[in-house]
Structure formats: C-alpha cells, structure tokens
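Below: one structure, written as structure tokens.
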Amino acid sequence: MTDATHGEAGPPGLASALVAAGALSSDWLPSFQAVPREQFVPDRIWPGIADGTQQNPVVDRSTDSETWRAVVYSDVPLTTQWDDGDHDGDGLGTTPSSSNSMPTMVFTMLQDLDVRPGDRVLEIGAGTGWNAALLAHRLGNSNVVSIEYDPQVARAARANLDRAGLAPTVVEGDGRAGWAKEGPYDRVIATCSVLRIPAAWLEQTTPGGLIVAPFGTEYGGEHILRLTVDADGTSANGRFTRSSAFMRLRQQRTDRPLVDAYLHGKPWPADGETSTTTLSPKETDGWLRQFVIGLAVPGAFWRVERYDGGSYTLWLYSRDTLSWATADYEPDRTEYEVVQSGPRKLWDEVESAYRWWSDRGHPGHNRFGLTVTPDGHNAWLDSPDTPVPLQP
656 MTDATHGEAG PPGLASALVA AGALSSDWLP SFQAVPREQF VPDRIWPGIA DGTQQNPVVD
716 RSTDSETWRA VVYSDVPLTT QWDDGDHDGD GLGTTPSSSN SMPTMVFTML QDLDVRPGDR
776 VLEIGAGTGW NAALLAHRLG NSNVVSIEYD PQVARAARAN LDRAGLAPTV VEGDGRAGWA
836 KEGPYDRVIA TCSVLRIPAA WLEQTTPGGL IVAPFGTEYG GEHILRLTVD ADGTSANGRF
896 TRSSAFMRLR QQRTDRPLVD AYLHGKPWPA DGETSTTTLS PKETDGWLRQ FVIGLAVPGA
956 FWRVERYDGG SYTLWLYSRD TLSWATADYE PDRTEYEVVQ SGPRKLWDEV ESAYRWWSDR
1016 GHPGHNRFGL TVTPDGHNAW LDSPDTPVPL QP
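All residue numbers for the sequence shown refer to this note's numbering, where the first residue is 656 and numbers rise by one.
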C-alpha cells in the first residue's frame, strides 16, 4: 500500500512531502533520517486526519503491517492511547489522551523552537518519545529533559528511546511544575495544549529563551504560541504562529456542566430574557473565530443542538453555571432569536467580541499575541499596546 500524498510508504516519501511543504528544514533532516518515526509508534494505532480531529479505525501491525507502515509514514497524527489508558478494544474511545503527533506539526514547532548547539530543552509531554528523540539526536542526550504525567506513557517512551539508542532524561511528573532540578533551560516546548502558561515555565527558562506551546481558549480554537522570555525573566511576549489541535494538558482540562446545571429542571426558556440579533450564529463558528472570541470571553463554552433542515440552537454557558444563552440559527433568516439569563449576557459578549474582530478586517492568527506574567495573560492584536478587549 502506498500513501497518495507521499507516493511511497516510507521515510523518503514522507521526507519529500515535508520538505516540499516547508515543514522539514535542512537542519532537521539528518535527525528525521536518523530517528525513524516507526520506532516510536506502537503496533496498534488510530490514524487521524491532516485537517481536523476526526479519528479513523484502528490499524494493527500484527494483522496488516503494510497499512500500518503506510499510515506511520503519512502526514497524520496517530492516537496511541484513549481515555487516560482506561479504553480497551479496537473501537474508538471517548477522548484521545496520547499520540504520535502529525509530522508537519512536529517539525514546524521544532523550527519555532530555533535550537542552537548546546541549548538545553525541556519538553512537556513525552508521548511516544519521538519528539524527545529528535531533540536528543540534534542536541545530545544530556541537553534534553522530557516530563510525562502518565507513568504508562513514560515507560513506553523510555523503551522506545532505548531501542533507538537514545537516552534523554524522561521523568514522571506534573508538567505544570516543569523540572527545576535540571534547569534552567534555553528552550521549553509543550506537546500538549494549555489554557494558561504555567509560571514555572517562565521561571525555568533563561532570559531571552523561547517557550513554544499550543495555546487554546476555553471557548474553542487553538494556535501555536511562540514566547520570548524577557531580560528579567519575569514575563514573556510572543505571537501565534499557526493553527493546531493538541490534547489538553491533563491538569488544565475543564469541566463542562450539562444544561440542567443552568436551567435547574425548568423548561427552556426558563427565566431567560428574549431579544433578537442580526448577527448569524453561524458567523461565530470556525477555529479562528472561536479562538478570537475565546481570547475576549473567558470562562465560557458552547454546545450546539441541531435540527432537521440545517437549523440549530447555539447554547452558550459560563463555567460558573450562573449564566447561559441561546441563539437560534435558521437558514435564510436575517434576524435571529436570542435568550439570555444570568449576570453575564453571554450572547452579547460573543457578539461584541466578533464585531470587534470584524471591524478590524478579520485579522489572522499571526497578528495576535500574548503577554504572560506570573499573574496571568494579556492577549493583544499587533502589539502589546493594543490589548484584546475582555468581555463583559
């Protein structure tokens, strides 16, 4: 079996595709060649897709080695664990919890990391160990530390690295705390997404050092953030470089209460206040739009209730369960019914954030950035001097 994208199921085909896409640069090509991806992929994997979060059926090396190899050398992510290890069987689990990341994302993030000879790197999330192996080949075993929360995943990563003849330090622990014992580090890279940059990462990065991490908002959307730690080591600034979709750092996963926590058993619209809007709920959909809205509307999330004919209700919720809103989308309408309840007018907040973005010409992710201090984050457009306005 061959992969249609790469022309052949093997390292040369994948390398050619990554080089042509600008993902695999000449300085990383020797490490790609020396550290084959297949050495870091288990026998049973669930391939993803290049653009999105869809999962495909299991591929088992023991029963179909040709398909397994073709998938391994395709530019797709490979889920290697479901539901924190609680899932058994061939079917899809509920939530992917460990993977071997999409090669394009692996190498573009390594480009963002901009390592130099002698740099010390802290990796948050060992996964299968492939990323740590690439770094160790480039920088040397003694310059790479990878921290992994899941003991089972950490053991597998160590075994993979040992078979590949590499020995970066792999420790089990809470990635939020970093690993000060072997710091400070010139570079920090996370292979899981975060809602907040932990203060320990700043503290353990040398002044002028870089932090590269997938940064998501609770509302939705995620992009790679590239931060430079300031000269005094107490804050960091940087821009978003590209879209991403990583598994969330386990300690930053958020609960999403169900509707009865908001309506308390009362039928909709309960005590909600009804109004109308000319903004279609559909206009607020999409990865970038959700991301921008999430920067401006903290502590909120959404669900969709779909009906026949393409109509749906967009439900908005505050994490504290005190506020909710609905916005009804119907095709061919120009005015849409909104119901809101609670101290926060969530639809008004979402609409205000969307119109702020729209009024500025729909700027892309690369015009947004983040300032990080021990006290929190401030998102901005083009410059820290132009903050994204928080709602309400």
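Each residue gets a CB set at the ideal place from its N, CA and C atoms; glycine is no exception.
7 Å CB neighbourhood of residue i in its chain, flanking five on each side removed
{"i": "F695", "result": "N755, T783, G784, W785, A788 and N815"}
{"i": "G662", "result": "At G662, the pLDDT of 47 sits below 50, so the modelled position is not reliable; the number obtained from the coordinates is stated separately. Once the five neighbours on either side are set aside, the close Cβ partners of G662 are G668."}
{"i": "R842", "result": "L768, V770, D774, V776, G864 and L865"}
{"i": "T939", "result": "I948, V1005 and Y1009"}
{"i": "G780", "result": "E803, G830, A845, T846 and C847"}
{"i": "G893", "result": "L880, R881, L882, T883, G1024 and L1025"}
{"i": "M764", "result": "I844, V867 and I879"}
{"i": "Y962", "result": "none"}
{"i": "P1044", "result": "A951 and W1011"}
{"i": "M656", "result": "Note that M656 has pLDDT 36, beneath the 50 cutoff, so the model's placement of it is unreliable and no number is given."}
For residue j and residue i, believed in contact at Cβ under 8 Å, the rounded distance
{"i": "Q710", "j": "T734", "result": "6 Å"}
{"i": "I704", "j": "V726", "result": "The Cβ separation is near 11 Å, so there is no contact."}
{"i": "W1062", "j": "A1034", "result": "What is shown of the chain runs 656 to 1047, which leaves residue 1062 out entirely."}
{"i": "Q1046", "j": "S1007", "result": "6 Å"}
{"i": "D762", "j": "L679", "result": "A quick correction: the sequence has Phe, not Asp, at residue 762. Yes, they are in contact, since the Cβ atoms of F762 and L679 sit about 5 Å apart, within 8 Å."}
{"i": "L857", "j": "P1029", "result": "7 Å"}
{"i": "P998", "j": "S966", "result": "Actually they do not touch by this definition, with Cβ atoms about 29 Å apart."}
{"i": "R632", "j": "V825", "result": "Because the chain here runs from 656 to 1047, residue 632 falls outside it and cannot be looked at."}
{"i": "T989", "j": "T933", "result": "7 Å"}
Backbone CA spacing between residue i and residue j [nearest angstrom]
{"i": "A676", "j": "W683", "result": "14 Å"}
{"i": "G773", "j": "V674", "result": "25 Å"}
{"i": "V959", "j": "Q688", "result": "45 Å"}
{"i": "V947", "j": "S996", "result": "23 Å"}
{"i": "T660", "j": "S729", "result": "Below a pLDDT of 50, predicted positions are generally treated as unreliable, and T660, at 44, falls in that range; no measurement from the model is reported."}
{"i": "P758", "j": "W1012", "result": "32 Å"}
{"i": "S1038", "j": "E721", "result": "50 Å"}
{"i": "W923", "j": "Q766", "result": "50 Å"}
{"i": "W970", "j": "E778", "result": "37 Å"}
{"i": "P751", "j": "Y917", "result": "28 Å"}
{"i": "E992", "j": "G927", "result": "12 Å"}
{"i": "W957", "j": "T929", "result": "19 Å"}
{"i": "G744", "j": "P712", "result": "11 Å"}
{"i": "D910", "j": "Y840", "result": "33 Å"}
{"i": "S801", "j": "D739", "result": "19 Å"}
{"i": "P685", "j": "S797", "result": "19 Å"}
{"i": "S973", "j": "K836", "result": "39 Å"}
{"i": "A891", "j": "Y874", "result": "23 Å"}
{"i": "G1031", "j": "A886", "result": "18 Å"}
{"i": "P823", "j": "G795", "result": "8 Å"}
{"i": "R699", "j": "V914", "result": "37 Å"}
{"i": "K937", "j": "G1019", "result": "18 Å"}
{"i": "A925", "j": "H919", "result": "9 Å"}
{"i": "M760", "j": "P702", "result": "15 Å"}
{"i": "D1040", "j": "D805", "result": "40 Å"}
{"i": "A871", "j": "T718", "result": "The amino acid at residue 871 is misidentified as Ala; the sequence shows Gly. In a straight line, the C-alpha of G871 is about 38 Å away from that of T718."}
{"i": "A811", "j": "S671", "result": "29 Å"}
{"i": "L943", "j": "S935", "result": "16 Å"}
Chain-order list of residues whose beta-carbon lies under 6 Å from that of residue i (same chain, five-residue window excluded)
{"i": "P869", "result": "S848, E877, I879, S899 and F901"}
{"i": "L808", "result": "Note that residue 808 is Val in the sequence shown here, rather than Leu. Counting only Cβ-Cβ distances below 6 Å, and skipping sequence neighbours, we find S753."}
{"i": "L747", "result": "Q710"}
{"i": "W723", "result": "V714 and R716"}
{"i": "G964", "result": "none"}
{"i": "R831", "result": "P853 and Q906"}
{"i": "R903", "result": "S848"}
{"i": "T968", "result": "E960, T981 and D983"}
{"i": "A855", "result": "A832 and G833"}
{"i": "G838", "result": "Q859"}
{"i": "P697", "result": "T735"}
Own chain partners of residue i with C-beta closer than 8 Å, once the 5 adjacent residues on each side are dropped
{"i": "D975", "result": "G954"}
{"i": "R692", "result": "P666, L669, V727, Y728, N755, P758 and W785"}
{"i": "H742", "result": "Q736, G748 and T749"}
{"i": "V690", "result": "W785, A788, L789, H792, A819 and L821"}
{"i": "G888", "result": "L857, E858, T860, T861 and P862"}
Segment contact flag, the stretch 890-903 with the stretch 948-955, C-beta cutoff 8 Å, min 3 pairs: No: the two stretches stay apart, fewer than three of their Cβ pairs being nearer than 8 Å.
Inside the stretch 914-999 only - beta strand (DSSP E) runs reaching at least 3 residues: Entirely contained in the stretch 914-999, the beta strand (DSSP E) runs reaching 3 residues are, in chain order, 928-932, 955-961, 967-973, 979-984 and 991-996.
Length at least 3, wholly inside the stretch 743-826: the beta strand (DSSP E) runs in chain order: The beta strand (DSSP E) runs of length 3 or more contained entirely in the stretch 743-826 are, from start to end of the chain, 751-755, 776-779 and 799-803.
contact_flag[the stretch 977-991, the stretch 1011-1030] where n(CB pairs < 8 Å) is 3 or more: No, the stretch 977-991 does not touch the stretch 1011-1030.
Complete beta strand (DSSP E) runs within the stretch 686-731 (minimum length 3 residues, chain order): Here the runs fully enclosed are 699-702.
Runs of beta strand (DSSP E) lying entirely within the stretch 836-883, each at least 3 residues, in chain order: Complete beta strand (DSSP E) runs here, min 3: 840-845 and 860-871.
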